[in-house]
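A.B. asks:
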Amino acid sequence: MLRALLALITVYSMLVTAADARDECYSCHGKKGMRGYVDAVSYEQSVHGRIACAKCHLDISGYPHAKALKVNCGICHFLGREGAPTEQAEQYKLSVHGRAALAGNSAAPKCQTCHGSHYIYRSTDSRSNVSREKIPALCSSCHSKEFGDYRASIHGREFLEKKNLVAANCFDCHLEHLTPKPGDDQFKLTLIRQCGTCHAEEMNTYQKTYHGKVARLGYANIAKCSDCHGAHNILPPSDPESRLSRKNIVATCRACHAKATAGFTKYYAHAEESNRAKYPVLFYTYLFMTALLIGVFAFFFLHTFLWAFRALKERLEKKGGG
Amino acid sequence: MTELKRFNAYHRILHVAMAVSFIGLVASGMPIKYAQAPWAVWLMKFLGGYQSAALIHRVCAVITFGYFAAHIGYVVYDIAVVRKFKFNPLGPESMVPWFKDLEDIYANFLWFFGKGPRPQLDQWTYWEKFDYWAVFWGVGMIGVSGLFLWFPEFFGRFLPGWAFNIATVIHSDEALLAAGFIFTIHFFNTHLRPEKFPMDPVIFTGRLSLRELEQERPLEYQRLVAENRLEHYKTGPQPNWITDTGILFGFAVVLIGFALLILIVLGQFFY
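Here the protein sequences line up with chains G and B, keeping their order.
Mapping of the first sequence onto this note's numbering: position 56 corresponds to residue 101, and the numbering continues sequentially without gaps.
Mapping of the second sequence onto this note's numbering: position 26 corresponds to residue 758, and the numbering continues sequentially without gaps.
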């Protein structure tokens, strides 16, 4: 009898609409100034706007209630669940942030640290905490030193001052959910392709050099984009503060080539042998070498094929005759 | 069966050093040249990573400079001490290409087209001379550009850095020329052509038969007979173990060469 009653109550509570349940919460939390105030309009326009409070606040079941625990987004955003994006949560678990959080580091960012709690909008929505233009400021709340470097860099100046949102921000290199450990070799190598998404030509020409080829084979202890250009503090070589400026380039090369000289730095780290206007000597060397190879191979392959053909023919004739 | 000496132990040892170091250079260099090919990643791993491959490359480069210098030393010794400067650099015993070689090329092409007899060849054929001088050209070009790339900081004191870009193009393309040539044309001309197939062991045993000399190098044979020097070159066969080891080594090198050739062709044309 008691079990039947309990079942009835459960079914009833499931039938109660989300709105009804929320109204109950809003009776306190809808009041401005109240602890845990939620702006009903903003919440209902958010991506979670149709979800009842208790679906996330599992620890709250009535009134009065204890201080709410931190919501675990993983109760919906887990791999295999339909109707909620899940891949980001899986990536987060592998990221440097996620690993630190799982290891119990309370300073490590959790979902809400970046996305906020009640007012979660799509990242393309300007109200979103993680809309593109807000990202550098968001990361700066923990990574203030990196933000300072970034703000002075060519990417940062374009992004923050000129509002050129195409310019690289934190996530373009560090990947928002996957955020690898900065020292990780695989991450360093992946970064080359990340740079290449905007700087495609530079990536292609780099990959034709010894540096680029070794990196492409999977070895990170060779000059990669950031080793020469810098990372957060990237500046165009024309800027005297750039790692590649006339003033700094020798020191930059010396990070690996200890005895590099000013002459040494005239190496074309992005050479294109096909560009006659820019690299004439290289172009004509390449042209000469190509002609030499084609000439030698053409003559000797012809020689070899004719020889093989004649020799086989004579053998067959000899056999046939004998 | 009477055999005649063609190569002495010094020549044969240098050729083995050359073959071993050449294979080492190609195997450790091509994964860099064709870094975009998937095979390059596993070959590099197989060699123990790029720094280990670079070490192999440099050891083999030192062997190359070594046999090259050893050969130059031999030539000087042979001409100055053994022959006491009684040596005609344009004669039949010289490696210097001369008009006879042009005539032989012409005659050989006529024979290819069935329009004439095979040329009467002497001690060194024109394709052997080409192989020989190709090593000078190759070691010179690849060796000098390789030294630039090995010691960029030193050469950067005298040369602008873009000299290393030039050196890279020369090093890489010359290497393709050398490997492509050795693994196809040299292998065919010396080992795979129908008269020699599958292998001419002369460079490993140092000996060829009287019949081979008579048929393939008639001018040399006639000269030796006329000058009464044939007896001087006559010798018994090598002990079996030398012949067998030589042939085994030769086969191994040819097979490795073909394997590398396949990788080069894949890298050059398919990735």
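C-beta: ideal position from N, C-alpha, C; glycine also.
On a predicted model such as this, the values are computed, not experimentally measured, just so you know.
Below 7 angstroms between beta carbons: does that hold for residue 74 (chain G) and residue 82 (chain G)?
C.D. replies: To locate residue 74 (chain G), count along the first sequence from 1; it is residue 29. To locate residue 82 (chain G), count along the first sequence from 1; it is residue 37. Contact: yes.
A.B. asks: Following the continuous alpha helix (DSSP H) through residue 906 (chain B), name the residue where it begins and the one where it ends.
C.D. replies: Mapped onto the second sequence, residue 906 (chain B) falls at position 174. Residues 894 to 912.
A.B. asks: Per DSSP, what kind of secondary structure is residue 62 (chain G) in: helix, strand or coil?
C.D. replies: Here the question's residue 62 (chain G) lines up with position 17 in the first sequence. The predicted model places residue 62 (chain G) with a pLDDT of 47, which falls under 50 and marks its position as unreliable; any figure quoted below should be read in that light. Residue state, collapsed to three classes: coil.
A.B. asks: To the nearest angstrom, how far is the alpha carbon of residue 63 (chain G) from that of residue 69 (chain G)?
C.D. replies: Position 18 of the first sequence, counting from 1, holds the residue named residue 63 (chain G). Position 24 of the first sequence, counting from 1, holds the residue named residue 69 (chain G). Summary for residue 63 (chain G): the model assigns pLDDT 48, below 50, so the residue's position carries little reliability, and this model does not support an answer.
A.B. asks: Skipping 5 residues on each side, what residues in its chain have a beta carbon closer than 6 angstroms to that of residue 271 (chain G)?
C.D. replies: As a working note, residue 271 (chain G) is residue 226 in the first sequence. There are no such residues.
A.B. asks: Suppose you measure from the CA of residue 260 (chain G) to the CA of residue 360 (chain G); what does that come to, to the nearest Å?
C.D. replies: Here residue 260 (chain G) refers to the residue found at position 215 of the first sequence. Here residue 360 (chain G) refers to the residue found at position 315 of the first sequence. Computed Cα separation, rounded: 52 angstroms.
A.B. asks: Near residue 226 (chain G), which residues of its chain fall below 7 angstroms by C-beta distance, leaving aside the five closest residues on each side in sequence?
C.D. replies: Against the first sequence, residue 226 (chain G) aligns to sequence position 181. The residues are 141, 232.
A.B. asks: In whole angstroms, give me the CA-to-CA distance for residue 755 (chain B) and residue 748 (chain B).
C.D. replies: Position 23 of the second sequence, counted from the start, is the residue given in the question as residue 755 (chain B). Position 16 of the second sequence, counted from the start, is the residue given in the question as residue 748 (chain B). Going by the C-alpha atoms only, they are around 11 angstroms apart.
A.B. asks: Mind checking if residue 347 (chain G) is an interface residue toward chain B, Cβ cutoff 7 angstroms exclusive?
C.D. replies: Taking the first sequence and counting its residues from 1, one reaches residue 347 (chain G) at position 302. Residue 347 (chain G) does not count as touching chain B.
A.B. asks: Report yes if the C-beta distance between residue 174 (chain G) and residue 160 (chain G) is below 7 angstroms; otherwise report no.
C.D. replies: Position 129 of the first sequence, counted from the first residue, corresponds to residue 174 (chain G). Position 115 of the first sequence, counted from the first residue, corresponds to residue 160 (chain G). Yes, the Cβ-Cβ distance between residue 174 (chain G) and residue 160 (chain G) is below 7 angstroms.
A.B. asks: Please name the residue or residues paired with residue 77 (chain G) in a DSSP beta bridge.
C.D. replies: Taking the first sequence and counting its residues from 1, one reaches residue 77 (chain G) at position 32. None; residue 77 (chain G) has no bridge partner.
A.B. asks: Can you give me, in chain order, the residues of the segment 311 to 334 of chain G that have a beta carbon less than 8 angstroms from any beta carbon in chain B?
C.D. replies: Answer in chain order: 311, 312, 313, 316, 318, 324, 326, 327, 330, 331, 334.
A.B. asks: Using the beta-carbon count (16 or more within 10 Å), is residue 905 (chain B) buried or exposed?
C.D. replies: On the second sequence, position 173 is the one that residue 905 (chain B) refers to. Flag for residue 905 (chain B) reads buried.
A.B. asks: Thinking C-alpha only, which one of B:806, B:763, B:895, B:839 is nearest residue 308 (chain G)?
C.D. replies: In the first sequence, the residue the question calls residue 308 (chain G) occupies position 263. For the residues B:806, B:763, B:895, B:839, the minimum Cα distance to residue 308 (chain G) belongs to B:895.
A.B. asks: Report yes or no: do three or more beta-carbon pairs, one from the segment 802 to 812 of chain B and one from the segment 776 to 789 of chain B, lie closer than 8 angstroms?
C.D. replies: Short answer: they don't touch.
A.B. asks: Between B:738, B:739, B:745, B:751, which has its C-alpha nearest residue 983 (chain B)'s C-alpha?
C.D. replies: Start at 1 with the first residue of the second sequence, and residue 983 (chain B) comes out as number 251. Cα-wise, what sits closest to residue 983 (chain B) is B:751.
A.B. asks: Along the alpha helix (DSSP H) that carries residue 959 (chain B), what are the first and last residues, could you check?
C.D. replies: Within the second sequence, numbered from 1, the residue matching residue 959 (chain B) stands at position 227. From DSSP, residue 959 (chain B) is part of no alpha helix (DSSP H); its letter is neither H nor E.
A.B. asks: In the structure shown, what three-state DSSP assignment does residue 925 (chain B) receive?
C.D. replies: Taking the second sequence and counting its residues from 1, the one referred to as residue 925 (chain B) is at position 193. Residue 925 (chain B): coil per DSSP, three-state reduction.
A.B. asks: Using DSSP with H/G/I as helix, E/B as strand and the rest coil, what is residue 735 (chain B)?
C.D. replies: The residue labelled residue 735 (chain B) in the question sits at position 3 within the second sequence. DSSP places residue 735 (chain B) in strand when its eight states are reduced to three.
A.B. asks: Note down, in chain order, each residue of its chain lying with its Cβ closer than 7 angstroms to the Cβ of residue 301 (chain G), except the 5 sequence neighbours on either side.
C.D. replies: Along the first sequence, one-based indexing puts residue 301 (chain G) at 256. Closer than 7 angstroms at the Cβ level, and outside the excluded window around residue 301 (chain G), lie 268.
A.B. asks: Compare the Cα-Cα distances from residue 134 (chain G) to each of G:223, G:99, G:188 and report the closest residue.
C.D. replies: Taking the first sequence and counting its residues from 1, one reaches residue 134 (chain G) at position 89. Checking every option, the nearest Cα to that of residue 134 (chain G) belongs to G:223.
A.B. asks: Can you give me the start and stop residues for the beta strand (DSSP E) that residue 941 (chain B) sits inside?
C.D. replies: Against the second sequence, residue 941 (chain B) aligns to sequence position 209. Run containing residue 941 (chain B): 939 to 941, per the beta strand (DSSP E) assignment.
A.B. asks: Applying the 10 Å Cβ sphere with the 16-neighbour rule, what's the burial state of residue 932 (chain B)?
C.D. replies: Here residue 932 (chain B) refers to the residue found at position 200 of the second sequence. Buried, by the Cβ-count rule.
A.B. asks: Quick check: the Cα distance between residue 762 (chain B) and residue 902 (chain B), rounded to an integer number of angstroms?
C.D. replies: Looking up residue 762 (chain B) in the second sequence gives position 30. Looking up residue 902 (chain B) in the second sequence gives position 170. When rounded, the distance between both Cα atoms is 14 angstroms.
A.B. asks: Would you verify that the beta carbon of residue 269 (chain G) is, or is not, closer than 7 angstroms to some beta carbon of chain B?
C.D. replies: Against the first sequence, residue 269 (chain G) aligns to sequence position 224. False, the Cβ-Cβ gap to chain B never drops below 7 angstroms.
A.B. asks: Alpha carbon to alpha carbon, what distance is there between residue 95 (chain G) and residue 60 (chain G)?
C.D. replies: As a working mapping, residue 60 (chain G) is identified with position 15 in the first sequence. As a working mapping, residue 95 (chain G) is identified with position 50 in the first sequence. Legend: pLDDT at residue 60 (chain G) = 49, less than 50; position of this residue unreliable, value from coordinates given subsequently. Each residue's Cα considered, the two are about 15 angstroms apart.
A.B. asks: For the pair the segment 935 to 945 of chain B and the segment 971 to 981 of chain B, tell me if three or more CB-CB distances fall below 8 angstroms.
C.D. replies: The answer is yes - the segment 971 to 981 of chain B touches the segment 935 to 945 of chain B, with three or more Cβ pairs under 8 angstroms.
A.B. asks: What are the boundary residues of the alpha helix (DSSP H) that includes residue 864 (chain B)?
C.D. replies: If you number the second sequence from 1, residue 864 (chain B) lands on position 132. Unbroken alpha helix (DSSP H) run through residue 864 (chain B): 858 to 882.
A.B. asks: Should residue 189 (chain G) be listed as close to the ligand SAH, given that the test is whether its C-beta is under 6 angstroms from any heavy atom?
C.D. replies: Among the ligands in the structure shown, none appear at all, so the ligand SAH cannot be discussed.
A.B. asks: Does DSSP put residue 363 (chain G) in a helix, in a strand, or in coil?
C.D. replies: Along the first sequence, one-based indexing puts residue 363 (chain G) at 318. Helix.
A.B. asks: Suppose you measure from the CA of residue 837 (chain B) to the CA of residue 346 (chain G); what does that come to, to the nearest Å?
C.D. replies: Taking the first residue of the second sequence as position 1, residue 837 (chain B) is located at position 105. Taking the first residue of the first sequence as position 1, residue 346 (chain G) is located at position 301. Roughly 14 angstroms separates the two Cα atoms.
A.B. asks: Mind checking if residue 60 (chain G) is an interface residue toward chain B, Cβ cutoff 7 angstroms exclusive?
C.D. replies: The residue given as residue 60 (chain G) occupies position 15 in the first sequence. Note that residue 60 (chain G) has pLDDT 49, beneath the 50 cutoff, so the model's placement of it is unreliable and the number below is only indicative. With 7 angstroms as the cut-off, residue 60 (chain G) does not count as an interface residue toward chain B.
A.B. asks: Under three-state DSSP, which class holds residue 179 (chain G)?
C.D. replies: Working through the first sequence from its first residue, we reach residue 179 (chain G) at position 134. Three-state result, residue 179 (chain G): helix.
A.B. asks: Pull up the CB-CB distance for residue 214 (chain G) and residue 177 (chain G), whole angstroms please, since I reckon it's below 8 angstroms.
C.D. replies: Residue mapping note: residue 214 (chain G) aligns to position 169 of the first sequence, counting from 1. Residue mapping note: residue 177 (chain G) aligns to position 132 of the first sequence, counting from 1. At roughly 7 angstroms, the Cβ-Cβ gap stays under 8 angstroms, so residue 214 (chain G) and residue 177 (chain G) are in contact.
A.B. asks: Could you tell me which residues DSSP puts in a beta bridge with residue 967 (chain B)?
C.D. replies: Working through the second sequence from its first residue, we reach residue 967 (chain B) at position 235. Note: residue 967 (chain B) sits in a beta bridge opposite B:735.
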